[in-house]
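Engineer:
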Amino acid sequence: MKQTKILLNESEMPREWYNVQADMKIPLAPPLHPATLQPMKPEEMAALFPMALLEQEMTNKRWITIPDEVLDVYALFRPSPLYRAHRLEKALGTPAKIYYKYEGVSPSGSHKTNTAIPQAYYNMREGIKRIATETGAGQWGSAMSYACSLYGIDLNVYMVKVSYEQKPYRRLLMETYGAHVFPSPSSRTESGRKILADDPNSSGSLGIAISEAVEEALINPDVHYALGSVLNHVLLHQTIIGLEAKKQLEKVGDYPDVVLGCVGGGSNFGGIALPFVSDKLGGKNIRLVGVEPSACPTITKGVYDYDYGDTAKMAPVVKMYTLGHDFVPPGIHAGGLRYHGMSPIISSLVHEGVMSAVAYKQNPVFDAAVLFANTEGILPAPESAHAIKGAIEEAIQAKEEGKEKTILFCLSGHGNFDLSSYDQYHQGKLEDFEYSEELVKKSLEKLPKI
Ligand SMILES: *Cc1c(COP(=O)(O)O)cnc(C)c1O
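Using the numbering used here, read the sequence shown as starting at 543 and increasing by one per residue.
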């Protein structure tokens with residue numbers, strides 16, 4: 543019988559996260575204070591994050607021990623399965639082998655839980671009783687709601703309004719875990735009120751929602767902030783995905799030629815791909831490819847420069863690929879891929895030529911999602927479907943070239959809460975947006991002058 547699932551025992555779960563900063567040839571540019579544009583001091587960051595996470599953000603130590611308490615919760619859903627996509631391969635008639643690492647087995651249905659749990663844990667250890675955060679499509683908010691409920695932390699979630707309206711079940715899930723959810727822009731914060739005054743019908747953006755959550759944390763000394771992607775410590779926590787996948791592939795004597803993940807802020811792609819970076823730097827022939835939506839093509843059409851992390855210029859300024867901090871992408875159905883910026887780690891590695899990116903429009907991405915659902919059975923999140931599309935293109939290329947190839951991708955989450963998007967797709971109502979060069983150009987004029 544051919545093998546479909548490659549599983550690890552709980553005892554084989556990695557005990558350490560991998561910190562790629564230890565292996566990066568060029569150190570990351572320091573984050574800057576949004577008001578002074580001087581390097582952020584640790585005490586300034588401490589208003590937002592617990593010290594343990596700030597240390598992880600900046601350390602060059604290669605391996606970071608995962609606390610036992612975190613491993614204990616991880617064991618609810620980790621190690622996650624690695625699948626060989628036999629049925630998808632057959633449907634494509636490809637000689638390529640396709641493997642996918644499925645992160646939809648976590649309680650919130652996506653990889654976000656991998657970082658939500660340690661983030662809530664370290665905040666609890668520092669005595670924090672309340673956290674403010676934002677959420678795009680609702681996956682991060684759901685993951686954080688669950689994690690905070692485990693550690694007795696009160697959570698306020700600013701949810702991008704377009705998703706709040708498109709995805710009511712995500713809000714209900716967060717509320718079931720005990721969180722308070724507000725559509726963003728909201729009238730609860732100065733930043734939200736400003737946006738609403740300019741545009742009462744604003745559909746919101748991650749940049750705006752981040753401003754609202756950061757503002758709440760800065761005003762209230764007992765409130766911390768948490769971010770579900772982009773930051774170094776988030777990517778660090780997500781490396782458990784790639785570390786497990788490597789072990790699983792070893793079990794079947796395989797190694798990937800290409801590793802793919804969808805990219806919003808870069809955390810699931812980083813999670814699966816970063817553990818392969820040292821191999822690549824050591825001379826291995828392997829490609830690491832992020833897949834983004836054409837409507838929000840941060841890496842493929844953005845610039846690599848310092849920019850504000852949020853719309854109201856309250857979050858740290860970081861060097862990254864960006865479309866401009868006030869760029870509001872169209873309301874595409876992969877809400878988790880609508881961020882204007884990109885993880886500084888991913889950005890730097892792309893800039894160095896270690897990683898690369900491609901972009902696809904949403905209708906072809908949903909075509910890929912439906913083919914995947916009909917072969918492999920799992921209904922993918924619209925975000926994850928970008929990685930599927932990327933993997934299918936690789937497999938078709940292998941077929942055309944008559945070459946064998948091993949493809950590994952991260953299936954970052956299931957789409958069981960995203961059925962309204964599938965409804966739109968089935969009705970032929972999904973629009974294929976091309977990013978607006980004009981709008982991006984205007985946004986890029988507002989980059990900070992460093
Ligand atoms: C949030 C999310 C993404 C995008 O975020 P990254 O940080 O780029 O991984 C992708 N897929 C799913 C299922 C998500 O929830």
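In this text, a Cβ means the ideal position worked out from N, Cα and C, and glycines have one as well. Since we're looking at a predicted model, the values are computed, not measured.
1. Quick one: grab the DSSP three-state call for Arg713.
2. Pull up the distance between the alpha-carbon of Thr731 and that of Lys547, whole angstroms please.
3. My output table needs one value for Glu834: the three-state DSSP class, helix, strand or coil.
4. Do His875 and Pro924 count as a contact pair if the criterion is CB distance below 8 Å?
5. Which residues in the same chain as Lys639 place their Cβ atom closer than 6 Å to its Cβ, once the five residues preceding and following it in sequence are excluded?
6. Check for me: the beta strand (DSSP E) holding Glu676 runs from which residue to which?
7. Give me whichever residues DSSP pairs with His956 in a beta bridge.
8. With a floor of 3 residues, list each beta strand (DSSP E) that falls wholly inside the region 817 to 897, ordered by position along the chain.
9. Do you know offhand how far Met600's Cα is from Leu692's?
10. Kindly indicate the opening and closing residues of the alpha helix (DSSP H) around Lys703.
11. Cβ of Phe656 within 7 Å of any heavy atom in ligand 1?
12. Taking the CB atoms as reference points, tell me whether Phe951 and Gly749 lie closer together than 8 Å.
13. Could you tell me the distance, in whole angstroms, from the CA atom of Asn827 to the CA atom of His722?
14. So, under 8 Å CB-CB, Pro649 and Glu554 are touching, yes? Tell me the CB distance rounded to an integer number of Å.
15. Take Gly1061 and list the residues in its own chain whose beta-carbon comes closer than 6 Å to its own, dropping the five residues that flank it on each side.
16. Taking buried to mean at least 16 other C-beta atoms within 10 Å of its own C-beta, is Met593 buried or exposed?
17. Who are Trp682's beta bridge partners in DSSP?
18. List the DSSP bridge partners of Phe724.
19. Label Glu976 either buried or exposed according to how many other C-beta atoms from any shown protein chain fall within 10 Å of its C-beta, with 16 as the threshold for buried.
20. Look at the alpha carbon of Leu981 and the alpha carbon of Tyr846, and state the distance between them as a whole number of angstroms.
21. Since His779 and Ile673 are thought to touch, with beta carbons under 8 Å apart, how far apart are those beta carbons, to the nearest angstrom?
22. Exposed or buried, which one is Thr781 when buried takes at least 16 other CB atoms within 10 Å?
23. Sorry if obvious, but does the Cβ on Ser809 come closer than 7 Å to a heavy atom of ligand 1?
24. Which residue or residues does DSSP assign as beta-bridge partners of Lys547?
Structural biologist: Considering the structure as presented:
1. helix
2. 47 Å
3. strand
4. yes
5. Thr948
6. Arg672 to Thr677
7. Pro922
8. 829 to 835, 845 to 850 and 859 to 864
9. 27 Å
10. Lys703 to Gln708
11. Checking the sequence, you will find Asn at residue 656 rather than Phe. Asn656: no, Cβ never under 7 Å from ligand 1.
12. no
13. 47 Å
14. Between Glu554 and Pro649 the Cβ distance is about 21 Å, and since that is not below 8 Å, they are no contact.
15. No statement about residue 1061 is possible, as the shown extent of the chain runs from 543 to 992 and does not include it.
16. exposed
17. Looking at the DSSP assignment, Trp682 forms no beta bridge with any residue, so it has no partner.
18. Tyr700
19. exposed
20. 17 Å
21. Actually they are not in contact, since the Cβ atoms of His779 and Ile673 sit about 16 Å apart, beyond 8 Å.
22. buried
23. yes
24. Tyr625
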